[in-house]
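Trainee: Below are the structure tokens for one structure; questions will follow.
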Amino acid sequence: MMKRSLAALALGVACLAASAAVAQEKPKFVYLTQTGIDNSFWQSIKKGMDDACAQFEAECQLIFTTPNGDLQKHLQNLDTVVEQGVDGIVTVIVNDDLYDETIKKAVDKGIPVITANVDDSQGAAGNARNAFVGQDLFEAGYVLMKGLYAKIPAEQPVHALLGLSRPGESWAEARIGGARKFLDEVKAAEPNRQISYEVIDSSNDISVTASRICQYVQGKPETNAYVDAGFWGAGAGECLRDLGIKPGQLHMATFDLVPVVLDEMKKGYVDITIDQQPYYQGYLPILQLAMMKKFGLSAFDVNTGKAVVEPKDLEQVEKFMSMGVR
């Protein structure tokens with residue numbers, strides 16, 4: 006009888022130990038982007054991801070793409086993660102058709118997929134992903150152009166250059182599309198003011214972008230507004246100074262809070278930028294995946310906003326940038 010009791014006790018202890026081991030097993034989440042590791046904007050996303058993973062005791066990995074912007078390599082990385090099997094995936098969708106099959110495969114296997122930063126332009130109607138966490142890109146482009154337009158003296162004609170950083174990629178097309186919509190509306194509303202604009206491939210290489218902006222301005226010196234689909238346009242500050250262009254002659258608007266944007270804002274060459282609050286884009290997808298894994302909750306869309314930043318806001322913004330959250 007004693008032997009049976011001891012055996013039962015041993016079995017019970019073994020079962021408890023096994024249950025504890027299962028309970029302590031960390032969920033595994035993978036975050037993928039099409040950009041390279043040297044993109045300073047993504048460090049705030051990584052900070053948000055790392056904080057959420059620590060809070061929810063998850064094992065997480067952020068996979069950058071080499072070479073930067075190679076969509077086929079990004080897709081290959083995504084395919085590999087799906088085949089290996091994880092508890093959840095966060096990724097960007099910068100091409101409406103390229104990722105459909107792989108993301109559907111993941112969802113069909115029971116792996117939840119949340120898109121962040123950039124979504125299919127058709128949202129849930131265009132892709133099987135569970136939710137999107139990021140900015141309304143078209144609206145942000147509209148707001149940015151509206152804010153920059155207000156900086157140009159009312160007596161001046163307007164000729165705007167719009168920098169399409171990555172032609173064909175949904176995030177760039179949406180932002181510049183929003184800027185174009187505002188300019189088209191204001192042209193119709195103010196027929197007596199001379200308003201024109203041109204869209205160019207401005208690149209997402211900061212030195213190439215700078216060169217293309219300055220070459221354009223040399224050829225069309227009437228240009229007095231520039232809107233970039235990202236932050237790379239701020240790199241033109243140096244060559245604009247070399248051309249003798251003073252602060253306020255070319256009003257510039259960009260996206261994101263990165264050092265080059267803030268430096269040029271202090272020098273008077275960037276008038277306005279929009280912070281899409283990337284910390285949210287790193288933190289909230291992991292929070293959702295953790296709750297889906299732990300409690301079976303569903304995912305939900307989040308608009309991370311369009312926080313407008315101007316020179317008057319720099320002191321407060323820099324405080325939070327030093328913390329890595331903006």
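Just so you know, we're using the working numbering here: the sequence shown kicks off at 6 and counts up by one.
The beta carbon of each residue, even a glycine, is placed where N, CA and C say it ideally should be.
On a predicted model such as this, the values are computed, not experimentally measured, just so you know.
Can the beta-carbon of T70 be found closer than 7 Å to that of Q39?
Mentor: Yes, the pair counts as a contact, with Cβ atoms nearer than the cut-off.
Trainee: Does G168 come out as helix, strand or coil in the three-state DSSP assignment?
Mentor: Note: G168 maps to strand in three-state DSSP.
Trainee: Please report the distance separating the alpha-carbon of T120 from that of D113.
Mentor: C-alpha separation (whole angstroms): 16 Å.
Trainee: List the residues that DSSP assigns as beta-bridge partners of A136.
Mentor: In the DSSP output, where bridge partners are listed per residue, A136 has I119.
Trainee: I believe P283 touches S45 by the beta-carbon criterion, under 8 Å. Please report the beta-carbon distance rounded to the nearest angstrom.
Mentor: Not a contact, Cβ separation roughly 10 Å.
Trainee: Per DSSP, which residues does I94 bridge with? Please list them.
Mentor: I94 is bridged to V35 and V118.
Trainee: Helix, strand or coil for V99 per DSSP?
Mentor: Here V99 sits in coil by DSSP.
Trainee: For L103, which residues from the same chain have a beta carbon less than 7 Å from its beta carbon, with the 5 sequence-adjacent residues on both sides left out?
Mentor: L76 and L80.
Trainee: Please classify P226: is it buried, with 16 or more other beta-carbons within 10 angstroms of its beta-carbon, or exposed?
Mentor: When all chains shown are included, P226 counts as exposed.
Trainee: Taking buried to mean at least 16 other C-beta atoms within 10 Å of its own C-beta, is L21 buried or exposed?
Mentor: Model confidence at L21 stands at a pLDDT of 41, short of 50, so the residue's coordinates are unreliable; what they give is reported in the following sentence. By the neighbour-count rule (16 or more Cβ atoms within 10 Å), L21 is not buried but exposed.
Trainee: Going by DSSP, name the residue or residues bridged to V330.
Mentor: Answer is none; V330 lacks a bridge partner.
Trainee: Output the distance between the C-alpha atoms of E106 and V138, rounded to the nearest integer angstrom.
Mentor: Those two C-alpha atoms are separated by around 21 Å.
Trainee: Can you have a look at P32 and say buried or exposed, based on whether 16 or more other CB atoms are within 10 angstroms of its CB?
Mentor: Buried is the call here.
Trainee: Looking only at C-alpha atoms, which of L292, V314 and V313 sits nearest to A59?
Mentor: A59 has its Cα closest to that of L292, out of L292, V314 and V313.
Trainee: Could you compute how far the alpha carbon of C65 sits from the alpha carbon of G168?
Mentor: One C-alpha to the other measures close to 35 Å.
Trainee: H256 to H164, Cα distance in whole Å?
Mentor: Each residue's Cα considered, the two are about 11 Å apart.
Trainee: Candidates A179, Q127 and Y147: which alpha carbon is nearest E190's?
Mentor: The candidate whose alpha carbon is nearest that of E190 is Y147.
Trainee: Compare the Cα-Cα distances from A131 to each of K186, I98, A304 and I279 and report the closest residue.
Mentor: Note that residue 131 corresponds to Gly in the displayed sequence, not to Ala. Per the Cα distances, I98.
Trainee: So which of Q223, L302 and I94 has the shortest CA-CA distance to R246?
Mentor: Measuring from the Cα of R246, the nearest candidate turns out to be Q223.
Trainee: Using DSSP's beta-bridge definition, name the partner residues of V163.
Mentor: Paired residues: I200.
Trainee: Tell me the DSSP secondary structure of V313 in three-state form.
Mentor: Strand.
Trainee: For the putative contact between S170 and A177, defined by C-beta atoms under 8 Å, what is the C-beta separation to the nearest angstrom?
Mentor: Indeed, because the Cβ distance is near 5 Å, the residues count as touching under 8 Å.
Trainee: Could you work out which residue in A136, A215 and M54 is closest to M297 when comparing CA atoms only?
Mentor: Nearest option by C-alpha distance: A136.
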